[in-house]
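K.L.:
Residue numbers (our numbering): 1406 to 1826.
Here it is, written out as structure tokens:
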């Protein structure tokens, strides 16, 4: 999905800061169960699978297993499986089912994928999936159809979508993971303005959390738009939270839309750092009721730091009937080589921001300013002592920034990083 020609985009989302905290998290204790081992080289499907020395061999054997709540499926590091891993059972809140890796910690993550629709498909609920690399599939690296699942420290690349969360799925989490070069199109035909694809994460479901991820290279050639792609695409998903992520070299950080009779309301984007080298990118794109994929109501963007040096860049775009009910922005720091933002209609609800670019096509809030944000560098979006973002923000309900540092309860800084002398 991309903008019509009437609202042309172009920007650059470059490298993000070197100092960031990707998931300072401690796994919750879970009920113990049976561990099943899988080794694509030394395993045998006739084995019990319950010891590393008696591992299973194939995805087919795993797919026909019936793991119980509390069980673990462990894939050997340094091994590759061609095909789809199908996770159809369900755990419980107290005893989720776990997928992990075993073996030499210095070896590469286990790889699952190839010329199949989904590398890993999760039909069940209450799975904890980590330490897998899902690559080269025709649709998704990880297709999540169940609920209350958690992806942690996974990788996905070479797919249409690194992670796709289906419209039936809710309350899932994607954290501390790397979604790199998911740069295939699912629809790419001349005319029709229907091209779509190249998603780091696609959110079709509700109440999901995307946090502390590194998302890069979501960009592909498009007949309709020149290039298309998004780090996080939201279509028909409500109340999703996209927080504390680093976005590098994606065509767009996020774009939101909805289908007929559906909604994509109440989504929040906070404390993300967005940079790129591409000449046709943007930070955030949303729309009102004057288009077939709108209105998208109640989007909130808080404390994001953006640097897009492209001459045609646009920071945020709210079109086809923008209003305060469509988009609220607070404490954002956006520097572009082109347009800092665009609104039509009655305009977005914007304030406490810092903007710097060649054009500003929106009404700045009373506490916002047009000034150079004085980042450490174009790829390190921490603030220097001269930054006008220092003390410019207002509290928005978060206690830590992207680096994990505390936020002032009375005079927070704008942007994803609080100033640290």
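Where a beta carbon is used, it is the ideal one built from N, C-alpha and C, also for glycine.
Keep in mind that this is a model prediction, so the values were computed, not measured.
How would you label residue 1666, buried or exposed, when you count the other beta carbons within 10 angstroms and need 16 or more for buried?
P.N.:
Exposed, since its Cβ has fewer than 16 Cβ neighbours within 10 Å.
K.L.:
What residues in its chain sit with their C-beta under 7 Å from that of residue 1473, if we drop five residues either side in the sequence?
P.N.:
1438
K.L.:
Assuming residue 1667 is part of the beta strand (DSSP E), what are its boundary residues?
P.N.:
Premise fails: residue 1667 is in no beta strand (DSSP E) and is neither H nor E.
K.L.:
Are at least three pairs of beta-carbons, each pair with one atom in the segment 1696-1705 and one in the segment 1778-1785, less than 8 Å apart?
P.N.:
The segment 1696-1705 and the segment 1778-1785 do not touch, with fewer than 3 CB-CB distances between them shorter than 8 Å.
K.L.:
Can you tell me whether residue 1466 is helix, strand or coil according to DSSP?
P.N.:
helix
K.L.:
Is the segment 1669-1676 in contact with the segment 1739-1747, if contact means three or more CB pairs nearer than 8 Å?
P.N.:
no
K.L.:
Contact defined as beta carbons within less than 8 Å: I believe residue 1492 pairs with residue 1517. What is the distance between those atoms, to the nearest angstrom?
P.N.:
With a Cβ gap of about 11 Å, residue 1492 and residue 1517 do not count as contacting.
K.L.:
Measure the beta-carbon distance from residue 1587 to residue 1546 and round it to whole angstroms, keeping in mind my assumption that it falls under 8 Å.
P.N.:
So it is a contact: roughly 7 Å between Cβ atoms.
K.L.:
In chain order, what residues of the same chain lie with their CB nearer than 6 Å to the CB of residue 1729, ignoring the 5 residues before and after it?
P.N.:
1754
K.L.:
Please report the straight-line C-alpha distance between residue 1483 and residue 1619, rounded to a whole angstrom.
P.N.:
22 Å
K.L.:
Please state the DSSP three-state secondary structure of residue 1815.
P.N.:
coil
K.L.:
Report the residue ranges of all beta strand (DSSP E) runs contained in full by the segment 1737-1797; include only those spanning at least 3 residues, in chain order.
P.N.:
1738-1741, 1744-1748, 1754-1756, 1759-1761, 1764-1766, 1780-1782, 1785-1788
K.L.:
According to DSSP, is residue 1477 part of a helix, a strand, or is it coil?
P.N.:
Strand.
K.L.:
Go through its chain and collect everything with a Cβ distance to residue 1429's Cβ below 7 Å, but skip five positions before and after it.
P.N.:
Below a pLDDT of 50, predicted positions are generally treated as unreliable, and residue 1429, at 36, falls in that range; no measurement from the model is reported.
K.L.:
Note down the Cα distance separating residue 1433 from residue 1565, rounded to an integer number of angstroms.
P.N.:
The predicted position of residue 1433 is uncertain, since its pLDDT is 45 and thus under 50; a value taken from the coordinates is nonetheless stated next. Whole-angstrom Cα-Cα distance: 31 Å.
K.L.:
Taking the alpha carbon of residue 1583 as the point to measure from, which residue in 1558, 1661, 1706 has its own alpha carbon closest?
P.N.:
1558
K.L.:
Within 10 Å of its beta-carbon, does residue 1816 have 16 or more other beta-carbons around it, so buried, or fewer, so exposed?
P.N.:
exposed
K.L.:
Give the secondary structure of residue 1571 by DSSP, where H, G and I count as helix, E and B as strand, and everything else as coil.
P.N.:
Per DSSP, reduced to three states, the secondary structure at residue 1571 is coil, with no helix or strand assignment.
K.L.:
What's the gap between the Cα of residue 1604 and the Cα of residue 1657?
P.N.:
A straight-line Cα-Cα distance of about 10 Å links residue 1604 and residue 1657.
K.L.:
Out of curiosity, what's the CA-to-CA distance linking residue 1713 and residue 1720?
P.N.:
The alpha-carbon atoms of residue 1713 and residue 1720 are separated by roughly 8 Å.
K.L.:
Output yes or no for whether 8 Å exceeds the beta carbon distance between residue 1769 and residue 1820.
P.N.:
No, these two residues do not count as a Cβ contact at 8 Å.
K.L.:
Please look up how many angstroms separate the CB atoms of residue 1616 and residue 1650, rounded, as I've assumed it's under 8 Å.
P.N.:
With 8 Å as the limit, residue 1616 and residue 1650 qualify as a contact, their Cβ atoms being about 7 Å apart.
K.L.:
Apart from the five residues just before and just after residue 1832, which ones in its own chain have a Cβ nearer than 8 Å to its Cβ?
P.N.:
Here the chain covers residues 1406 to 1826 and nothing more, so residue 1832 does not appear.
K.L.:
Return the chain-ordered list of same chain residues with a C-beta closer than 6 Å to the C-beta of residue 1608, the five sequence neighbours on each side being excluded.
P.N.:
1570, 1639, 1642, 1645
K.L.:
With a 10 Å radius around its C-beta and 16 neighbouring C-beta atoms as the bar for buried, classify residue 1684 as buried or exposed.
P.N.:
buried
K.L.:
In the DSSP assignment, find the beta strand (DSSP E) that holds residue 1506 and state where it starts and stops.
P.N.:
1502-1507
K.L.:
Would you please state the rounded distance, in angstroms, between the beta carbons of residue 1710 and residue 1803? I believe it to be under 8 Å.
P.N.:
About 14 Å separates the two Cβ atoms, so there is no contact after all.
K.L.:
Less than 8 Å separating the beta-carbons of residue 1687 and residue 1722?
P.N.:
yes
K.L.:
In angstroms, rounded to a whole number, what distance separates the CA positions of residue 1718 and residue 1766?
P.N.:
13 Å
K.L.:
Apart from the five residues just before and just after residue 1743, which ones in its own chain have a Cβ nearer than 8 Å to its Cβ?
P.N.:
1415, 1416, 1713, 1715, 1716, 1717, 1718, 1719, 1762, 1763, 1764
K.L.:
When DSSP labels each residue in this structure, what does residue 1513 get in the three-state scheme?
P.N.:
In the structure shown, residue 1513 sits in coil (DSSP, three-state: anything other than H, G, I, E or B).
K.L.:
Could you tell me which residues DSSP puts in a beta bridge with residue 1548?
P.N.:
DSSP lists 1526, 1569 as partners of residue 1548.
K.L.:
What's the C-alpha gap between residue 1813 and residue 1610?
P.N.:
33 Å
K.L.:
With DSSP run on the structure shown, which of helix, strand or coil describes residue 1435?
P.N.:
Its pLDDT being 49, under 50, residue 1435 is placed unreliably by the model, and nothing is read from it.
K.L.:
Buried or exposed for residue 1647, please, with buried defined as at least 16 other CB atoms from any protein chain shown within 10 angstroms of its CB.
P.N.:
Its Cβ being crowded by 16 or more others within 10 Å, residue 1647 is buried.
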